[in-house]
Each structure stands twice: as structure tokens, then as C-alpha cells.
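Numbering (the working numbering), first residue to last: 8 to 675. Down below is the structure, laid out as C-alpha cells.
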Ligand code: IVH
């Protein structure tokens, strides 16, 4: 028996939230992102066709709502307080002593130790288990209601798995993962936009977007750390509360730990500190809370915050060093970036001698001048950054370096696209660009060409043996010249050529990444390889095919389209293929049986989800598009097909049933 739309929608909602919970809370996904997306789209479609079936806790609310002009104010039922800080072991011990003195206790205290997330705090209000509002901290008393934005955070339950009766506030922190942050900044720099200084700003800014679709794009995460108003029934301690909240569907980090007494506490704090660099998001310390609620009540509050908790801050990962100068570096897309040339200094677990200054505006804003002593920080534990100068130590006569007008490498004129801060060298033959392109192509995460490092690339460019990406593979026909270069012997030349030969069959995603398409990082390259499965399918993909790949937004898609639209890039690919480059395609069935055919699927499919059908078409060299156009070869229409069917009929596009599709095109 067929389910009614209402039944189907209810089932999809429950399943989607169940899978969300498996993914975000239990860390144990059972289905792929693609399967999730397929169910999600089906639900979107049902709700669009039957608006009366849409509910406030539907996962479809997570994609964002139309923009608002401002956020309503939200008064917290219980104020959002801040915590006293403790720096170093001594201050932590002093906290423990204060607690025991106040409680007049000689016994060891039970403490709950949690990560101190470096993000933006939010307060979620639930009414009988249903999320009714999400608000920022604001001044602690009153925040802003950013409910639509909060709904886009996949870790935030829209409904508790078991409702707590009445009104309660669940509190936690919104963070941006380091890899998401790196990718976002990569994209912003490529677009000539100001990169974010740290993940916290990116998360806080993301929460306050007036258009919640932009919040959704930031891919923020949420972790719970406790309650505001109300409590979890039956919980007598902070550890009970978090354990129970986890069962109700809230993400709680596994690093939380109950420690009995100060020695256990100190040891665990050290453990977390060692863990810090390997966490996928930034923390700036741990929060230590007296675990038992009856003790918390006895301890109470001072004017500043609770007596029962303290924020133990890890040492700032900052250092001072001398700015020797500012270098202007030409990247592979021609963007000219100022880079701080620093006296090497150890900070945040690594030696730092270079740090990006992003662009000239930023350099002026930070007011850093060669000769200055500057503060260097490793933001988000990875990217070294110059925070600013120590003005007391500024030498006389230090001046802000001017912005160059000519390319520091080729002398060509520099220009700036309207509305962008990035300065560019437009000379496609600029040796610095070519060198950067080849370096990127050969780099470890791209084609990984062993032995083809920066110095050798420079040398081979100088003598004209390297001129572009294909020239890497032409080196094989210039072995004698290679050997005759100083410092390259017969053996190392042979090794290099063998290494180059071996990279011809690197995986498709590595090749895509190596091409250096703007805004296409490693992950996007993997997404593309998995979605299109062959270089041929990718290089002929239309914008609509690209935007259908989960994770690829319209801007990235149009950059990719732009890249493949350029005849010189198509020629470059032809040349690489002619030289024997044969990327290994992702595993799975593959053939070119459907090459040249563009399919559109509409209506309800019985045997496969639309997503699966599309993947099948792509894996056999065909294209799958989201809308009907004159380029559509075949529309596969299931029951309840609507406007796409009409359009296909108008454009005289062939329409077939799902059964026809299987009969004609499907081969196991
Ligand atoms: S408890 C009264 N727990 O740190 C207790 N806060 O200075 C209030 N934070 O703005 C907070 N991780 O956003 C608590 N595990 C954690 C936390 C945490 C991060 C933030 C919170 C607050 C600030 C407190």
C-alpha cells in the first residue's frame, strides 16, 4: 500500500532526524550524504506540494529562511554569565582551595572538566521538547533572536528525542571546524574578500547573518555545555545533565570527564592541553565545574559569575619576533599578496618565518612596518598570523611599504577587479604564476611528483625546459638536456623522469586539484571526482550539473564552469591526455555507454532514488541535469511529474517512463 504524503513526510522527517543524530551526536552514520540528500529533497518536494504538511521541526527548515531586516531582541530567562579565568596550575589549585574553604570541606571535590570552546555561545529555548527560539548571548541579559539561523545548524535538535515538559533553555557554543574555516578563507581570498581572522569570528558572524541561507553555507557546528532556565528531570549533577542531554539528542563532546580532587583535575587538564592541536575545532582552555548541583547551590554566585566554575585558559599561542621585511608573492592565479618575512620564531608548536598579510589594506590597518617587533599568532592552530606591532619597540624611520604597481616578478602592470581588494598580475605568461602553478600541480596533495620541488622548478623554468603543466610530461623527451644541467646527474634525472611517469595514473581527484581551478581545494576536487567519475564528464559539465553536487555552491560551480569554458584550458587537458596522463577514476561501475546524453529525472521513481539514478547516468559517461532545457536528451518521468514534463513536451524532448529507462539504459 502506498503511504499518503502526510505519512511519507512524517516518516522522512523522523528518518532524517534519526540520521542527523547518528551523524552529529553518536558519530556513527549509517547512510551516505547522498542518500541523506535524496530523502531530504523528497521531503522538500512533498512540503512544497502540500504546504499544510510543513512543520516547525521539519529538517527542511535547516536550509535557511528568507532574509530578515533585523533580529528581534530576546531576553534570556536566566542570564548568560561569563566565568572567572585561571591561568596556570597555581591559579587552578587556588580555585580548588577557594571552593573547599567555602564549603568547609577537606574532602576532595568532584569536578566536571569540559572543553572551553572558542566560538559563540547560544541559548536554545524548548517548549515541551520543541525548539522555539535560538538566541545569541548579547550582553548576557538580552541577546538577539537568530532562530532561523540556529535551525541551520545540523547538530541542534529541532525536537528533543524525549521532550522535557514546559520551557527550558539549553546552552552551548557554536564553532566552526578548522577545515571548514580554512576552506572558507581559501575561498574568500580567491574572491578577493577579506579572510576571517579566526574561526570564532567566522562562527559569530555566521550566526548573525540576516539571510539564514548564508548561515547554512558556513557549515557551523554546535556543542552543548549545560542548561539555562530549567533543568533536566532527575539530574543531580553537571555530568548527569550532559549525559542526559546527549540522550535527548544534543551533541556533547566525548572529552568531558569527571575528576575527583585537584590532582586528577590537574592531570586531566594537561591531557586536554596535549590533545588541543588534534581537535578539529579551536578551544582556548577547559571549563572546570563543581559537579554536584547541591554543592553548586551552596557555592552560589559572586557579582562576576558562579563560584562553582572557572575557565582555565591555555597559554596564548603567541610570540614576538622581528619583521624583517614584506615580500610580494605572486600566486598561481596571479593574485599578488604581501607576506611577512619574519625572524624565525617558535609559536603554537611550529617554527614560523612567514605569515600572510592578506593584502595591502590589511597591512595598513595592522600598521606593521619592516623593522618592527611584531606579535605572531597561530590562529586556529594552523595558519600563522601577524597580530600587530609592539609600538614601543618601533625603530626610528620605519615606514609602511608601498603597494607595488608592477608585478614583482615579470614587471607587468597590476590591476584590481572592481569590488575586490586583491591585486592581480594579468600576464598569463608571468613566470611566477607558471612556477606557482607547476609547484601546486607537483605538490604532495596534488600529483605528488617526487623530486620536482621549488628549486628545480625554478631552474627548469630558467632554462626553458618547463613552460606550462604539460611541459612536465615533455621532460622525458629532453633527458639529455636535463642530465647536462649542473647538479643533476644521470641517476637523479632518471629518477625524476620515472617519478613523473608514475604520476600519469594518479587518481582523478588529484589531477582535478592539481589543475589549480580557483576555489577548488582538495575536498571539492574529491567531490567532483566522485560525482562526475571521469575527466571527460567533468570538463563538459554544465553549470546545473555542477551545482547539483552536494557541497558545491553556485559560486564555486561558476568558477569551475569558467575554467572549463576557456579554450586554453581545454587545450591544456587535451595536451595532458595526449602525453599519456590517464587519471584513475573512482571505483564503481563505469563505461561511456551514455556519453553525449543528458538526462533529467522527475516525478516519483520506484526502483532508485533520483540521486542514485543520476549517479548511475554519470558513472556511465552521461550527464544528469536538474532542469529541462533544449540540451536535454531524455526526460525520465515518474508519476506526479509536473512542470518539467510540460516543459519537455513544449521543447519536444523525448519523455520516457522509469521502466523504459531501465530497459533501455540499465545494465547490471
Ligand atoms: S559554562 C555560568 N561551559 O565561555 C556558566 N561555558 O566565560 C557559563 N564556553 O560565554 C558558561 N565552553 O560561551 C561553559 N564548556 C563550557 C564552555 C563555555 C565555552 C564559553 C561560554 C561563555 C564563556 C564563559
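For each residue, glycine too, the CB sits at the ideal point set by N, CA and C. Since the model is a prediction, treat every value here as computed from it, not as a measurement.
Buried versus exposed, by CB contacts within 10 Å (16 or more), residue i
| i | result |
| --- | --- |
| residue 544 | buried |
| residue 33 | exposed |
| residue 625 | buried |
| residue 56 | exposed |
| residue 278 | exposed |
| residue 590 | buried |
| residue 637 | exposed |
| residue 539 | buried |
| residue 287 | exposed |
| residue 9 | exposed |
| residue 128 | buried |
| residue 651 | buried |
| residue 479 | buried |
| residue 47 | buried |
Residues that DSSP places opposite residue i in a beta bridge
| i | result |
| --- | --- |
| residue 641 | 606, 661 |
| residue 430 | 343, 423 |
| residue 212 | BP columns for residue 212 are empty, so no partner. |
| residue 133 | 138, 175 |
| residue 335 | 345 |
| residue 511 | Its beta-bridge partners do not exist; DSSP assigns none. |
| residue 396 | 381 |
| residue 631 | 606 |
| residue 692 | Outside the shown range of the chain (8 to 675) lies residue 692, about which nothing can therefore be said. |
| residue 197 | In the DSSP output, where bridge partners are listed per residue, residue 197 has none listed. |
| residue 118 | 266, 297 |
| residue 80 | 151 |
| residue 618 | Its beta-bridge partners do not exist; DSSP assigns none. |
| residue 330 | 349 |
| residue 498 | Answer is none; residue 498 lacks a bridge partner. |
Rounded straight-line distance, which links the Cα of residue j to that of residue i
| i | j | result |
| --- | --- | --- |
| residue 255 | residue 513 | 45 Å |
| residue 369 | residue 232 | 36 Å |
| residue 328 | residue 401 | 12 Å |
| residue 416 | residue 335 | 9 Å |
| residue 517 | residue 452 | 7 Å |
| residue 631 | residue 656 | 18 Å |
| residue 99 | residue 620 | 59 Å |
| residue 313 | residue 85 | 13 Å |
| residue 524 | residue 177 | 43 Å |
| residue 80 | residue 41 | 38 Å |
| residue 489 | residue 482 | 8 Å |
| residue 245 | residue 251 | 10 Å |
| residue 612 | residue 171 | 39 Å |
| residue 596 | residue 615 | For residue 596, the predicted structure reports a pLDDT of 49, less than 50, and the residue's modelled location is therefore unreliable. A value from the coordinates is still provided. Whole-angstrom Cα-Cα distance: 16 Å. |
| residue 74 | residue 352 | 46 Å |
| residue 561 | residue 549 | 12 Å |
| residue 283 | residue 180 | 17 Å |
| residue 7 | residue 575 | Only positions 8 to 675 of the chain appear in this structure, which leaves residue 7 out of reach. |
| residue 300 | residue 239 | 12 Å |
| residue 140 | residue 217 | 16 Å |
| residue 473 | residue 281 | 45 Å |
| residue 49 | residue 43 | 10 Å |
Residues near residue i by beta carbon distance below 6 Å, same chain, minus five either side
| i | result |
| --- | --- |
| residue 701 | There is no way to answer for residue 701, as the model of the chain reaches only from 8 to 675. |
| residue 403 | none |
| residue 717 | The shown model of the chain, from 8 to 675, leaves out residue 717, and the question about it has no answer. |
Cβ pair residue i, residue j closer than 8 Å
| i | j | result |
| --- | --- | --- |
| residue 579 | residue 568 | no |
| residue 152 | residue 78 | yes |
| residue 397 | residue 383 | no |
| residue 118 | residue 296 | yes |
| residue 556 | residue 534 | yes |
| residue 227 | residue 242 | no |
| residue 374 | residue 361 | no |
| residue 71 | residue 174 | no |
| residue 120 | residue 138 | no |
| residue 604 | residue 634 | no |
| residue 665 | residue 645 | yes |
| residue 448 | residue 521 | yes |
| residue 350 | residue 366 | no |
| residue 515 | residue 592 | yes |
Same chain, Cβ closer than 8 Å to residue i, neighbours up to 5 away in sequence not counted
| i | result |
| --- | --- |
| residue 306 | 106, 109, 110, 297, 313, 314, 315 |
Contacts around residue i, its chain only, beta-carbon distance under 7 Å, and the 5 residues preceding and following it disregarded
| i | result |
| --- | --- |
| residue 434 | 414, 417, 419 |
| residue 193 | 528 |
| residue 161 | 27, 31, 69 |
| residue 405 | 376, 377, 378, 379 |
Beta carbon proximity, residue i to chain D, threshold 8 Å
| i | result |
| --- | --- |
| residue 227 | Absence of chain D from the displayed structure is noted, only one protein chain being present. |
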